[in-house]
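Asks: In this note's numbering, the protein residues as written are 874 to 1158. Submitted below is the structure of interest, expressed as structure tokens.
What follows is the structure, encoded as structure tokens:
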């Protein structure tokens, strides 16, 4: 399958950033005139706030999870940016094709087809029935594989959910730091007013950074990873059901109808329409 960019994630993220920036650099005057000044963005830049909020959040994540998970963060982004990595209809078509081969040439003929599969789980599932394992054992092995995979995915999603939960907390820590510094410098007679503005800025901006990190960065990543896990589990359940049906020697058309029950009604109707068009083209020939 060709990779397809997850455009909705990109649109959502870029849109949220743009809306936030527009809100930062614009204001409406009492006579309903819009003023835009990009220099106002500097009001929202504070090195101390960045250091406290982002730095502490990342280091607590490092302290809370295994290094192997953190090293694979690049792979996590690759997963969420590919929107059709797990396409159920692709697997249904592949299984129906394998069922047709098995009916004509027998299960042993699937060995060569299994070696051509790029999906390790699909390849393993086909090889299990080629090796004539008992149907219950095949199901048990494959379902255990799915459960363990989903547990690993859950751990990764929890890492980003943890980051989403603690980022606002460290935003509040930064707020407290700013307030403490502000109160310590409240001796206006000694010139403390010179640092009052910067300390108050740190107090407020850290809360802003924590909220942005939680709801614009870590939260969507965790949600996307859980969505990909659901998609992958669905595809693997289809594979399990499909190879069991092939092993039982069921009719390819019946196998397709059974596997289509995993799909929404809209997808089923679209698939039936495509099948009707193909049959119409063949009859004309």
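Don't be surprised by glycine CBs; every beta carbon is placed ideally from N, CA and C. This structure is a prediction, so every number in the text was calculated from the model and none was measured.
1. With which residues is residue 955 paired in a DSSP beta bridge?
2. Let's see if you can read the secondary structure: which residues bound the beta strand (DSSP E) around residue 901?
3. Taking a contact to mean a Cβ-Cβ separation below 8 Å, would you say residue 935 touches residue 923 in this structure?
4. Can the beta-carbon of residue 961 be found less than 8 Å from the beta-carbon of residue 1111?
5. Can you give the Cα-Cα distance for residue 1086 and residue 1037, rounded to whole angstroms?
6. Which two residues bound the contiguous alpha helix (DSSP H) that contains residue 943?
7. Do residue 1040 and residue 930 count as a contact pair if the criterion is CB distance below 8 Å?
8. Taking the beta strand (DSSP E) that residue 908 falls in, what are its first and last residues?
9. With residue 914 and residue 898 assumed to form a contact (beta carbons below 8 Å), what rounded beta-carbon distance in angstroms separates them?
10. Write down the C-beta distance between residue 1116 and residue 1011 rounded to the nearest angstrom, noting that I regard them as a contact closer than 8 Å.
11. Is the beta carbon of residue 1098 sitting closer than 8 Å to the one on residue 1135?
12. If residue 1083 sits next to residue 1044, beta carbons under 8 Å apart, how far is it from one beta carbon to the other, in whole angstroms?
13. When you compare only the Cα positions, how much space is there between residue 1009 and residue 938?
14. Residue 1120 and residue 1002 look like a contact to me (Cβ under 8 Å); what is the Cβ gap, rounded to whole Å?
15. From which residue to which residue does the alpha helix (DSSP H) around residue 998 run?
16. Just how far apart, CA to CA, sit residue 1140 and residue 1132?
17. Which residue comes first and which comes last in the alpha helix (DSSP H) that contains residue 931?
18. Where residue 928 and residue 1020 are concerned, what is the direct C-alpha to C-alpha distance, given to the nearest angstrom?
19. Quick one: what's got a C-beta closer than 8 Å to residue 955's C-beta in the same chain, skipping five residues either side?
20. When the Cα of residue 908 is compared with those of 917, 896, 916, which residue comes out closest?
21. Indicate the three-state DSSP secondary structure (helix, strand or coil) for residue 1015 in the structure shown.
Replies: With the given structure in hand:
1. Residue 955 sits at position 82 when you count from the first residue of the chain shown. For residue 955, the beta-bridge partners assigned by DSSP are 878.
2. The residue you call residue 901 lines up with position 28 of the chain shown. Unbroken beta strand (DSSP E) run through residue 901: 899-901.
3. Against the chain shown, residue 935 aligns to sequence position 62. Against the chain shown, residue 923 aligns to sequence position 50. Contact flag unset, no.
4. The residue labelled residue 961 in the question sits at position 88 within the chain shown. The residue labelled residue 1111 in the question sits at position 238 within the chain shown. Going by beta carbons, residue 961 and residue 1111 fall inside the 8 Å limit.
5. For the purposes of this step, residue 1086 is taken as the residue at position 213 of the chain shown. For the purposes of this step, residue 1037 is taken as the residue at position 164 of the chain shown. Roughly 7 Å between the two C-alpha positions.
6. What you label residue 943 is simply residue 70 of the chain shown in a count that begins at 1. Residue 943 -> alpha helix (DSSP H) spans 940-944.
7. Indexing the chain shown from 1 puts residue 930 at position 57. Indexing the chain shown from 1 puts residue 1040 at position 167. Yes, Cβ-Cβ distance for residue 930 and residue 1040 is below 8 Å.
8. Along the chain shown, one-based indexing puts residue 908 at 35. Note, residue 908: beta strand (DSSP E), 907-909.
9. The residue labelled residue 914 in the question sits at position 41 within the chain shown. The residue labelled residue 898 in the question sits at position 25 within the chain shown. Confirmed, Cβ separation roughly 6 Å.
10. Sequence index remark: in the chain shown, residue 1116 carries index 243 (1-based). Sequence index remark: in the chain shown, residue 1011 carries index 138 (1-based). Correct: roughly 7 Å between the Cβ atoms.
11. On the chain shown, position 225 is the one that residue 1098 refers to. On the chain shown, position 262 is the one that residue 1135 refers to. Contact: no.
12. Residue mapping note: residue 1083 aligns to position 210 of the chain shown, counting from 1. Residue mapping note: residue 1044 aligns to position 171 of the chain shown, counting from 1. Contact flag correct, Cβ pair sits at about 2 Å.
13. In the chain shown, counting from the first residue as 1, residue 1009 sits at position 136. In the chain shown, counting from the first residue as 1, residue 938 sits at position 65. Taking the straight line joining both Cα atoms gives about 36 Å.
14. Locating residue 1120 in the chain shown gives position 247, counting from the first residue. Locating residue 1002 in the chain shown gives position 129, counting from the first residue. Contact between residue 1120 and residue 1002 holds: CB atoms are separated by about 4 Å, below the 8 Å threshold.
15. The count along the chain shown starts at 1 and reaches residue 998 at position 125. Counting along the chain, the alpha helix (DSSP H) containing residue 998 begins and ends at 993-1003.
16. The residue given as residue 1140 occupies position 267 in the chain shown. The residue given as residue 1132 occupies position 259 in the chain shown. Spanning the two alpha carbons is a distance of roughly 12 Å.
17. Within the chain shown, numbered from 1, the residue matching residue 931 stands at position 58. Element bounds for residue 931: 929-937.
18. For the purposes of this step, residue 928 is taken as residue 55 along the chain shown, with counting starting at 1. For the purposes of this step, residue 1020 is taken as residue 147 along the chain shown, with counting starting at 1. For the pair residue 928 and residue 1020, the Cα-to-Cα distance works out to about 34 Å.
19. Residue numbering aside, residue 955 sits at position 82 when the chain shown is read from its first letter. 876, 877, 878, 879, listed in sequence order.
20. Translated into the one-based positions of the chain shown, residue 908 becomes position 35. Considering only alpha carbons, the answer is 896.
21. For the purposes of this step, residue 1015 is taken as the residue at position 142 of the chain shown. Three-state DSSP puts residue 1015 in a helix.
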